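In order, the protein sequences belong to chains W and X. For the first sequence, this note's numbering assigns the number 1 to the initial residue and increments by one for each residue that follows. For the second sequence, this note's numbering assigns the number 1 to the initial residue and increments by one for each residue that follows. Cβ atoms here follow ideal geometry from the backbone N, Cα and C, with glycine treated the same way. Owing to the predicted nature of the structure, the values given are computational and were not obtained by experimental measurement.
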Amino acid sequence: MSSYETFLLFEDIDRPGLNTLEVYQRERGGYEMLRKALDMEPGEVLAQLQASGIRGRGGAGFAMGTKASFIPHGDMDKYVVCNADESEPGTFKDRELMQKNPHLLIEGIAIAARAIEATHAFIFIRGEYELQADILERALAEAKAADLLGSLNMWVHRGAGAYICGEETALLDSLEGRRGNPRLKPPFPAVQGLYQGPTLINNVETLMNAPLILRMGGDEYAKLGTERSTGTKVVSVSGCVQRPGNYEVELGIPSRDILYGLAGGPPEGRAIKFWFPGGSSSPVLPGTDEFLDLPYDFESMAKAGSMLGSAAIIVVDDTVSVVDVALKTAKFYRHESCGKCTPCREGTNWTVKMLERIDNGEATPMDLDIMAAVCDQIIGHCLCVLGDAMAMPIASMIKHFRPEFEAHIEAARERNGLGASIPPLNRDEHAGPMPVLN
Amino acid sequence: VAIDPTRVRRFAHGSRVPGWDEAADLWKAPAVVPDAATTPVPEELRREIEDYMGRYPDFRSAAIPALHAAQRVHGWCSPTAIEQVACVMRLTPGYLQAVATFYDMFETVPKGRHDIYVCTNISCSLRGADDIYATMLSAAGDDPDFHVKAFECLGACDLAPMASVDGQYVGPLTEADCDAIVADVKAGRPVLPAKQLQNLKAAGQPGGGVSGRSEAGGEKA
């Protein structure tokens, strides 16, 4: 552990056998917090979660305690769903956490279930995580055999490969055995979710923090991090860095410490061109000092025009063309759009076509304005944020790197013998050959 | 400007838009819930699906696990596979077909037995995944046993570029590894044992550290 890191979730994470009940319970005192929670009133557990101020670790950053407090009281069937459908490009924190410490997740879910008095719990894990699902199933069987979960009915549910199922309402549809299409909100899942019952949906990392919050006390946990971004966060760093991997840091440390101090910065002789601060859905930030010195927390990222998202940092260095990254990003969202809302289904498709036009040398700089307008028309006009998740990074790339897009357009036109796109009247002598009209 | 009609790209059905994969026969009556008396279902598969159905408050939730099971038995989500699931779950084949076509891991056309998903998303492609995919395609060649697919982010960007071989994550890959993967799968050996996610030594142990945690150092400025 280096001086930049603060370990809560990663404490002892690499201990061999941590994924067995033997080590987790008998040697590390696991499941004690669950026993404590079962002795407490549900309201007290909820109060601890609220006092911790922990915000959702899956992307939206909504306060977990507040979300849980929306669940109505009463005698109906209530559900806890753990969102382990980690598909955001660049994110791999839940994979490591579940693989190495599955019992902590099971305990966290059981504590959350106690807080809202839920009867059923499901872990929705993406189908590609076969190793992790097997480990979770084994751990769950151990916990059930040791009678640790009481009357809570918990199962691991494997998905089948769809990014959209990470969206909470699409996840519920998928868990109900349908196509993963998002639902109209409101009603929010806290009121009407799985099987029309009140449902608490949280990310793996959020739920894993629940036992730690109970152990430390909510107020003590809130002292970590910044005032409005409490606690620690597992950050996944990938792309053009020397040491890609998961690092647990206190929220609010300078972004530079994560990118350079922990991940080692870009390879020798290269510089950071731009970085995604929170998965491929977050608007990109240039690799300039202004942005690298920002504290890494929810508010600072929002103020800089981006978002913390799932805290997956993807670093792009100066040897990579921004157009290639934009096309890759847009193609991903086109493929994953479920097709329910028109702005997303059509917008992602046309953005890809226009970016391909740039590559083919058929585009003009006006295409950039049209693309920005398409992005504008997607944002805020769909049932879920998948469309926004494409529009925001693409719009930010055009905003920060417009000269590069324009140079790419001109270069591709020259290459294809279409001539420059700028009309003769506005050209100066340095602008290259005249357009060929036919 | 006259347009040369031979330059206009057309699909097999003569249109410029791709349209549906197959034309639907609108005269055909919709398929109903299969008759259990005339639809044989392997006993093992039936038991597995019934086990899944018992786990959820609403039995329909078992649709995806059941399709996974059927795909394992039949190799792909064939009409027979879907009919058998429909028979056990008492659903129409159309409902299950709609579910199966939505998800990336279900194949509604015949595929090879061995799945090789090569991640080609942003983080992996920054480290050369597109070349790995091309090499993997040529390494597998036209062997019908292999199903090589460019997949979206598999959640292992610390191993980039990586692939999932029959559910086993391996990485970081070089182009030379592609032939080794194909050879290992053909011989029935464990695939690239030194590069498997589960065999990678945890960071912090001697010789470990694919994720850079153990090596990350330096004093706080």
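{"Query": "Could you check what DSSP says for residue 379 (chain W) in three-state terms: helix, strand or coil?", "Result": "coil"}
{"Query": "Below 8 angstroms on the Cβ atoms is my contact criterion, and I expect residue 66 (chain X) with residue 52 (chain X) to pass it. Report the Cβ-Cβ distance as a whole number of Å.", "Result": "6 angstroms"}
{"Query": "Taking residue 144 (chain X) as the reference, give the member of X:97, X:180 and X:114 with the closest Cα.", "Result": "X:114"}
{"Query": "Chain X partners of residue 70 (chain W), CB-CB under 9 angstroms?", "Result": "Neighbours of residue 70 (chain W) on chain X: none; closest Cβ ~21 angstroms, over 9 angstroms."}
{"Query": "Under the DSSP definition of a beta bridge, which residues are partnered with residue 317 (chain W)?", "Result": "W:272"}
{"Query": "Chain X beta carbons: is any one of them nearer than 9 angstroms to that of residue 140 (chain W)?", "Result": "no"}
{"Query": "Does the Cβ of residue 322 (chain W) have 16 or more other Cβ atoms within 10 Å, making it buried, or fewer, making it exposed?", "Result": "buried"}
{"Query": "Please report how far the alpha carbon of residue 168 (chain X) lies from the alpha carbon of residue 18 (chain W), in whole angstroms.", "Result": "21 angstroms"}
{"Query": "Compute the Euclidean distance between the alpha carbons of residue 117 (chain X) and residue 170 (chain X), then round it to the nearest angstrom.", "Result": "10 angstroms"}
{"Query": "Report the residue ranges of all alpha helix (DSSP H) runs contained in full by the region 60-132 of chain X; include only those spanning at least 4 residues, in chain order.", "Result": "63-74, 79-89, 93-102 and 122-125"}
{"Query": "DSSP three-state label for residue 135 (chain W), please.", "Result": "helix"}
{"Query": "Listed in chain order, which residues of the region 336-355 of chain W have Cβ atoms closer than 9 angstroms to some Cβ of chain X?", "Result": "336 and 338"}
{"Query": "How about residue 261 (chain W) and residue 396 (chain W): are their beta carbons less than 9 angstroms apart?", "Result": "no"}
{"Query": "Closer than 8 angstroms by beta-carbon distance: list the chain W residues that pair up with residue 65 (chain X), in chain order.", "Result": "157 and 158"}
{"Query": "Pick out whichever of W:274, W:281 and W:298 has its Cα sitting closest to the Cα of residue 290 (chain W).", "Result": "W:274"}
{"Query": "Taking the alpha-carbon positions, what's the residue 138 (chain W) to residue 86 (chain W) distance?", "Result": "20 angstroms"}
{"Query": "Give a yes or no on whether the minimum CB-CB distance between residue 95 (chain W) and chain X is below 9 angstroms.", "Result": "yes"}
{"Query": "Can you check which of these residues, X:100, X:179 and X:94, is closest to residue 30 (chain X) by C-alpha distance?", "Result": "X:94"}
{"Query": "Could you pull out every residue in the same chain whose Cβ sits closer than 6 angstroms to the Cβ of residue 152 (chain X), ignoring the five residues on either side in sequence?", "Result": "121"}
{"Query": "What residues from chain X crowd round residue 358 (chain W), counting only those whose CB sits closer than 8 angstroms?", "Result": "In chain order: nothing, as chain X lies at least about 18 angstroms away."}
{"Query": "Alpha carbon to alpha carbon, how far is residue 181 (chain X) from residue 138 (chain X)?", "Result": "12 angstroms"}
{"Query": "Anyone know if the C-beta pair for residue 384 (chain W) and residue 250 (chain W) falls short of 9 angstroms?", "Result": "no"}
{"Query": "Residues in the region 235-249 of chain W with C-beta within 7 angstroms of chain X's C-beta atoms, listed in sequence order?", "Result": "236, 238, 239, 240, 243, 244, 245, 246 and 247"}
{"Query": "Assess contact between the region 105-119 of chain W and the region 32-46 of chain W, defined as three or more Cβ pairs (one per stretch) separated by less than 8 angstroms. Is contact present?", "Result": "yes"}
{"Query": "Please go through the region 218-290 of chain W and give each complete beta strand (DSSP E) segment of 3 or more residues, from N-terminal end onward.", "Result": "232-239, 245-250 and 272-276"}
{"Query": "Grouping DSSP H, G and I as helix and E and B as strand, with all else coil, what is residue 199 (chain W)?", "Result": "strand"}
{"Query": "Determine the closest residue to residue 119 (chain W) out of W:96, W:100, W:67 and W:199, with distance taken between C-alpha atoms.", "Result": "W:199"}
{"Query": "I'd like the list of long-range same chain contacts for residue 196 (chain X), defined as Cβ closer than 8 angstroms, with 5 residues on each side in sequence excluded.", "Result": "168, 169, 170 and 190"}
{"Query": "Kindly indicate which residue of W:29, W:59, W:154 and W:377 has the alpha-carbon position closest to the one of residue 301 (chain W).", "Result": "W:59"}
{"Query": "Taking residue 299 (chain W) as the reference, give the member of W:372, W:278 and W:315 with the closest Cα.", "Result": "W:278"}
{"Query": "Among the residues of its own chain, which have a CB less than 7 angstroms from the CB of residue 136 (chain W), if the five just before and after it don't count?", "Result": "98, 102, 123, 125 and 156"}
{"Query": "Can you find a CB in chain X that lies within less than 9 angstroms of the CB of residue 41 (chain W)?", "Result": "no"}
{"Query": "Please report the distance separating the alpha-carbon of residue 401 (chain W) from that of residue 44 (chain W).", "Result": "51 angstroms"}
{"Query": "Hey, how far is the Cα of residue 241 (chain W) from the Cα of residue 75 (chain W)?", "Result": "52 angstroms"}
{"Query": "Is DSSP giving residue 164 (chain X) helix, strand or coil here?", "Result": "strand"}
{"Query": "In chain A, which residues lie less than 7 angstroms from residue 332 (chain W) when you measure between Cβ atoms?", "Result": "In the structure shown, chain A does not exist; the protein chains are W and X."}
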